[in-house]
Amino acid sequence: MKLITKIAGLAMASAIGLSSVSAFAAETIKIGEINHYKRMAAFTTPYQNGIKLALSEVNGAGGVLGKPLEFIYRDDQGKPGEAVKIAEELITRDGAVMITGTIFSHVGLAIASWAGQKKHVYLAAEPLADALVWAKGNKYTFRLRASTHMQASMLAEEAAKNPAVKYATIAPNYAYGKDAVAAFEKALKKLRPDVVFVTKQWPGLFKIDAGAEVQAIEAAKPDAIYNVTFGGDLAKFVREGSTRGLFDNRLVLGLLTGEPEYIDPLKDEAPENWIVTGYPWYDFKDGANKTFVDAYMAKYSERPGIGSLVGYMVVKTIAAGITKAGSTDTEALVKAFEGLDVATPIGKIHFREIDHQATSGAFVGKTKLKDGKGIMVDWTFKDGANYLPSDEEVKAMRPASK
Amino acid sequence: MGPFIAQFLTGLANAAALFLVASGLSLIFGVTRIVNFAHGSFYMLGAFIGYTVMQLLPGAFGFWSSILVAGLAVGLIGVIVEMLVLRPIYRAPELFQLVATFGVILVIQDLALITWGAEDLLGPRAPGLKGVIRILGEPVPKYDLALIAITPFILFALWYLITKTRLGVLVRAATQDREMVAALGVNQSWLFTGVFFLGAMLAGLGGALQLPKGGADLLMDFNILASIFVVVVIGGMGSLPGAFIAAVLISVLNVFGVRYMPQSTLVLMYVVMAVVLIIKPYGLMGRKEVAGEHGQVGEPEQPFSPFGRRGRLIVAVLLIALATLPFLGSKFAMILAIDIIIVCLFAASLHFILSLGGLVSFGHAAFFGGGAYAAALMVHYAGSPMELAFVLAPIITGFLAIIIGWFCIRLTGVYFAMLTLAFSQLLWSLVFQWGEVTGGDDGMVSIWPSPWASDTTVFFYLTMIIGFGGILVLRHAAHSPFGYALRASRDSAGRAEATGINTKRVQFVAFTFAGAMAGLAGTLFVFSKGSIFPTELEIGKSFDALIMVFLGGVKTLAGPLVGASALSLMQDYLTRFEYWRLALGLLIIAVVIIAPEGIAGTSQKLAARWGIIRRDEVQ
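Respectively, the protein sequence lines represent chains A and B. Just so we're aligned, residue 1148 is where the first sequence starts under my numbering, counting upward by one. Just so we're aligned, residue 35 is where the second sequence starts under my numbering, counting upward by one.
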């Protein structure tokens, strides 16, 4: 027994030993980047590539405050508790000045709560949950991407232009899906009080029983379908739906469906004439969007995803924020990020003082098949600033801004 | 009538893949007694291999032969896994092999990522079966009908194999009493390998057959795992017709659940499983588990004994050394130590019921997460201070354990494990769905310690006191008369009853006690992280605890502490690397093969052999 206790003790001691080797005084500004690198590899790889592209640009131009910017990438296995531990380690041991990253909303919320308590800046890159900046927002958390509310409102605006009255929704059975349906319903009812929702389907995330879902929606005989499923669920839903003729003569709206990460795996079975939010990287003729896509393709010889764009914007935002702050002190960073304007491929974005949400917009268009894969046509870019609730509503939702 | 029949057919078609995969799991368990966590990985490999071969072979012939090729290939992979990983550890304590299969999952995940890339693959449609047939006006995909037609053939083929062939006779005999089969001169090793081939092949076939209805992606291994366990248990472990009926039952109910209760998708399966197990404790077609093992597998174990004076001294020195951490180590070292102490307490609480009680729980996360949520809810809604939460949350968790235990204790073995799994999933889906109260998967945030304890150093000492306090209480209980009664109930229920021990009541109390201790760990957890999410109630969390206990060594009291520390440190270190899952998986497999008694158990034995400690001094 004693030996065993010794081994346990050794294990503990080695932990202590490991941790006392603290790196410090390196001549870089370090940023902690936490993500679900293995769980969501299809999304994190383009995202990380976007970061690396922007880093080479920023550091090629002399870095920030005269020092190169350095990202430390860590895998949290998609577990919130693990992410909080890693965030702590990145700050205290690796000397990171702030934290960024994550795709899953719950992990983002965990880091945000930690950031609020321990007073470190967290720039949420991809989590879309509305709660992140509103109900559970705090002084130290900022969000880059257009949130669920913003993207759903954009689709609702398009939906309202159509005569359809009876809507069916299908969304994964978790917070993102529920937020997306609630936001869409609210925005659409505002524009079209005559709309009714005839059925709401909630398949388990990545556990869709597509045949059953399609039959259930068909049985409700809707005029229009609002889809929030993505990934493998989307593929199964589209296949069963087109096999059984669910989408014939119906208006279909798809949240995020036009993003390359989601529509490309569908190949020649990508649905046509859906109204979707996405990223038409293949369609830019000129301007900053084109410059970014060209630079990305030149570096990696593959198409950028929406994640690549977000990763790129993360670095640009952080560089702009630190430059504006003039230091890496947390309070100075918070001040700098509030009201920060950043030039990005999709135009200038503004981090709102009131809720720390950036006004990043999104592309909305119609899906079409071209050369055996799905693309977006007739797309427009919608500025996120126009799809946010009024200041009074935000204040009511956000305890942190009272 | 039309829509009704169409929905029924959809359910039957969904049952096909589920049945194939589940029957493989059932066969493997029935003969080898291995709970194969990696079975979902075989299913995933079937899908990926089938996809790849379909790209090479065109046409209808190519499509169907690809499915066969995928099945055979996965069967061979199963053989490799069995021969390299499992064969060396058949003599290890019961269920120990599941740690190895967990390592296999990690290895296969990374190998699949390296081979097929990260993007989801959309399965090709079956040539000639692309359209629909109208049945009473309702569209039914042709491929669904093909699946419905194929399944009975496979069931028949399996039935023939099991009842009419010599292999089948051996398989059935081994399912009933494998030691007798061995005693009669049957080469067990090859029988096990053969069964593994068959089981893995069925999983591979299932994966390839579902391609036209979905595709291949890297999450499908875990996504099907829970469903196939449920099917196997509802059907009765080891029963093929049972697995078939259960697969159909679950799939058809699911289809109608989607139609009439769209919110039910997460929970329905577990409700069905809980109901079936409460009414028919051994599943629909299962038989009462024969206490087939004649005595214990492996060497006779050393009974636990309390520390002598020297042992106590060493523990005290170690604790004092750890207490100097704030002065010597960095802040992060304290954070890491807090995390490790918490998982140690969690693992120790599982070890108490698993090792001393002989009750293997697959749902221990219910109590860890339950305690965390109890504390979070108290803080959030009642504004309760942290101190009160530390007192009340474990008590609430204890009550939760009383409720769950009341249903579960009457079962034993794998059925007990599965019913605890069902209840922990029920709790998970309750927390997940009841967003208005629990925040759903957005969780509950801002649950921080009282101001006096919010400093990391103070919280570290608090964790040390509560964590090690809990562990000491568990140890003490193991050496109390209650602990002896519990061990007696495990080793020989009949004799224990004869000496006047109410075995079921003793186990019930132990289950409640272990639950409350896990709740204490959960309470520490929520205050150390400041937030809680349903992930802490997931199956994965229960499995983590199991892995820690087995990895450390079931048959030593230090096992859970060693296992928890080792796994946490390995994870913390390895996740810094690109293919950390591959590395961690291989490391786990290596540890399992080198130390089949667990790290603590094996090092204890070696120490005794080399004379570092005396035999009677063990423990």
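Every residue, glycine too, gets a C-beta built ideally from N, C-alpha and C. Bear in mind that the values here come from a model prediction, so they are computed numbers and not experimental data.
Judging by CA-CA distance, which residue of the options is the nearest neighbour of residue i?
i: Glu1304(A); options: Lys1226(A), Val1342(A), Lys1283(A) and Phe1289(A); result: Val1342(A)
i: Leu1381(A); options: Gly1263(A), Ala1417(A), Thr1346(A) and Leu1398(A); result: Ala1417(A)
i: Ala242(B); options: Leu179(B), Leu52(B), Ile438(B) and Gly549(B); result: Leu52(B)
i: Gly317(B); options: Val425(B), Phe366(B) and Leu445(B); result: Leu445(B)
i: Val471(B); options: Ser463(B), Asp489(B) and Leu411(B); result: Leu411(B)
i: Ile1364(A); options: Ala1230(A), Leu1338(A) and Ile1317(A); result: Ile1317(A)
i: Gly1434(A); options: Lys1177(A), Leu1279(A), Ser1448(A) and Lys1495(A); result: Lys1495(A)
i: Gln1368(A); options: Asn1309(A), Ala1262(A), Thr1295(A) and Thr1346(A); result: The sequence given here has Lys at residue 1368(A), not Gln. Out of Asn1309(A), Ala1262(A), Thr1295(A) and Thr1346(A), Thr1346(A) has the C-alpha closest to the C-alpha of Lys1368(A).
i: Phe667(B); options: Gly501(B), Leu393(B) and Val413(B); result: With chain B running from 35 to 653 in the structure shown, residue 667(B) is simply not present.
i: Ala1371(A); options: Ala1357(A), Leu1335(A) and Lys1432(A); result: Leu1335(A)
i: Phe42(B); options: Pro173(B), Glu570(B) and Phe63(B); result: Pro173(B)
i: Pro175(B); options: Ile188(B), Val292(B), Pro161(B) and Val492(B); result: Pro161(B)
i: Leu508(B); options: Leu163(B), Ile354(B), Thr454(B) and Pro594(B); result: Pro594(B)
i: Asn1256(A); options: Phe38(B), Ile196(B), Phe542(B) and Met478(B); result: Note on residue identity: the sequence assigns Leu, not Asn, to residue 1256(A). Checking every option, the nearest Cα to that of Leu1256(A) belongs to Met478(B).
i: Leu110(B); options: Leu620(B), His414(B), Thr227(B) and Gly291(B); result: Thr227(B)
i: Lys1283(A); options: Thr569(B), Gly447(B) and Gly473(B); result: Gly473(B)
i: Leu1302(A); options: Val1541(A), Lys1313(A), Gly1512(A) and Glu1478(A); result: Gly1512(A)
i: Ser261(B); options: Val305(B), Leu239(B) and Leu102(B); result: Val305(B)
Using the rule of at least 16 other Cβ atoms within 10 Å of the residue's Cβ for burial, across every protein chain shown, is residue i buried or exposed?
i: Trp644(B); result: exposed
i: Leu170(B); result: exposed
i: Gly1179(A); result: buried
i: Val1524(A); result: exposed
i: Met271(B); result: buried
i: Arg67(B); result: buried
i: Asp1395(A); result: exposed
i: Lys1534(A); result: A small fix is needed here, since residue 1534(A) is Tyr in this sequence, not Lys. Counting Cβ neighbours within 10 Å, Tyr1534(A) comes out buried, since at least 16 surround it.
i: Ala325(B); result: Caution applies to Ala325(B), whose pLDDT of 47 falls short of 50 and renders its modelled position unreliable; the value that the coordinates give is listed next. Ala325(B) should be labelled exposed.
i: Leu138(B); result: The amino acid occupying residue 138(B) in the given sequence is Val; Leu does not appear at that position. Looking at its Cβ environment, which holds 16 or more other Cβ atoms inside 10 Å, Val138(B) is buried.
i: His662(B); result: The shown model of chain B, from 35 to 653, leaves out residue 662(B), and the question about it has no answer.
i: Thr1527(A); result: exposed
i: Met368(B); result: buried
i: Thr431(B); result: buried
i: Phe82(B); result: buried
i: Ile167(B); result: exposed
i: Ile14(B); result: Any answer about residue 14(B) is impossible in this case: the structure gives chain B only from 35 up to 653.
i: Asp1241(A); result: buried
i: Asn1285(A); result: buried
i: Ile1552(A); result: Nothing in the structure corresponds to residue 1552(A), since chain A is present only between 1148 and 1549.
i: Met1245(A); result: buried
Residues of the region 1322-1356 of chain A with Cβ closer than 8 Å to any Cβ of chain B, in chain order: Residues Ala1322, Lys1325, Thr1346, Lys1347, Gln1348, Trp1349, Pro1350, Gly1351, Phe1353, Lys1354 and Asp1356.
4-residue-minimum alpha helix (DSSP H) runs that sit fully inside the region 1274-1351 of chain A, ordered along the chain: Counting only runs of 4 or more, we get 1295-1307 and 1322-1338.
The region 616-632 of chain B in contact with the region 401-418 of chain B per 3-pair CB rule at 8 Å: Cβ pair count under 8 Å is below three, so no.
Residues in the region 556-571 of chain B having any Cβ partner in chain A nearer than 9 Å: Hits within the stretch, in order: Phe559, Ser562, Lys563, Gly564, Ser565, Ile566, Phe567, Pro568, Thr569 and Glu570.
Cβ-based contacts, 7 Å cut-off: residues of the region 1389-1406 of chain A near chain B: Cβ contacts with chain B: Thr1390, Arg1391 and Gly1392.
Interface positions of the region 1191-1205 of chain A facing chain B (Cβ-Cβ less than 7 Å), listed along the chain: Within the region 1191-1205 of chain A, the qualifying residues are Thr1192.
Segment contact, 8 Å Cβ cut-off, at least three pairs: the region 249-268 of chain B with the region 45-60 of chain B: Because the criterion of three Cβ pairs below 8 Å is met, the region 249-268 of chain B and the region 45-60 of chain B touch.
Interface residues of the region 474-492 of chain B facing chain A [CB-CB below 7 Å]: So the close ones are Gly474, Asp475, Asp476, Gly477, Val479, Ser480 and Trp482.
Residues in the region 367-390 of chain B having any Cβ partner in chain A nearer than 8 Å: Close to chain A, meaning a Cβ-Cβ distance shorter than 8 Å, are the following residues of the region 367-390 of chain B: Ala367, Ile369, Leu370, Ala371, Asp373 and Ile374.
The region 527-537 of chain B contacting the region 426-438 of chain B, beta-carbon criterion three pairs below 8 Å: Because the criterion of three Cβ pairs below 8 Å is not met, the region 527-537 of chain B and the region 426-438 of chain B do not touch.
Short-range partners of chain A found in the region 296-310 of chain B, where Cβ spacing is below 8 Å: Cβ contacts with chain A come from Pro296, Gln297, Thr299 and Leu300.
Unbroken stretches of the beta strand (DSSP E), 3 residues or longer, contained in the region 1348-1427 of chain A: Fully enclosed beta strand (DSSP E) runs of no fewer than 3 residues occupy 1371-1374, 1398-1405 and 1422-1425 of the region 1348-1427 of chain A, in order along the chain.
Near-chain B residues of the region 1232-1247 of chain A - C-beta to any C-beta below 7 Å: So the close ones are Lys1232, Glu1235, Glu1236, Thr1239 and Arg1240.
Runs of alpha helix (DSSP H) lying entirely within the region 205-283 of chain B, each at least 4 residues, in chain order: Runs of the alpha helix (DSSP H) spanning 4 or more residues and lying entirely within the region 205-283 of chain B occur at 222-243 and 254-269, in chain order.
Sequence ranges, alpha helix (DSSP H) only - wholly within the region 515-594 of chain B, length at least 4: Assignment of alpha helix (DSSP H) within the region 515-594 of chain B, counting only whole runs of 4 or more residues, yields 515-525, 527-532, 537-563 and 573-586 in chain order.
Inter-stretch contact at 8 Å, needing at least 3 Cβ pairs: the region 274-287 of chain B / the region 234-249 of chain B: A contact between stretches requires three or more CB pairs, one per stretch, nearer than 8 Å, and the region 274-287 of chain B fails this requirement with the region 234-249 of chain B.
The region 1481-1498 of chain A contacting the region 1193-1210 of chain A, beta-carbon criterion three pairs below 8 Å: With a cut-off of 8 Å, the region 1193-1210 of chain A and the region 1481-1498 of chain A do not count as touching, because too few Cβ pairs lie within range.
Residues, ordered as in the chain, of the region 149-165 of chain B that lie near chain A by beta-carbon distance below 9 Å: Cβ contacts with chain A come from Gly151, Ala152, Glu153, Asp154, Leu155, Leu156, Gly157, Arg159, Lys164 and Gly165.
Complete runs of the beta strand (DSSP E) confined to the region 1177-1207 of chain A [at least 3 residues]: As far as the region 1177-1207 of chain A is concerned, it has no whole beta strand (DSSP E) run of at least 3 residues.
Where the region 1513-1531 of chain A meets chain B: residues whose CB sits under 8 Å from a CB there: So nothing in the stretch comes that close.
Length-filtered (3 minimum) beta strand (DSSP E) runs lying within the region 130-172 of chain B: Note on the region 130-172 of chain B: whole beta strand (DSSP E) runs with a minimum of 3 residues are 166-169, in chain order.
Three or more C-beta pairs below 8 Å linking the region 297-314 of chain B and the region 80-99 of chain B: By the Cβ test, the region 297-314 of chain B is not in contact with the region 80-99 of chain B, since fewer than three Cβ pairs between them sit closer than 8 Å.
Inter-stretch contact (C-beta, 8 Å, three-pair minimum) for the region 1538-1548 of chain A and the region 145-165 of chain B: As far as the Cβ criterion goes, the region 1538-1548 of chain A does not touch the region 145-165 of chain B, which means the pair count is below three.
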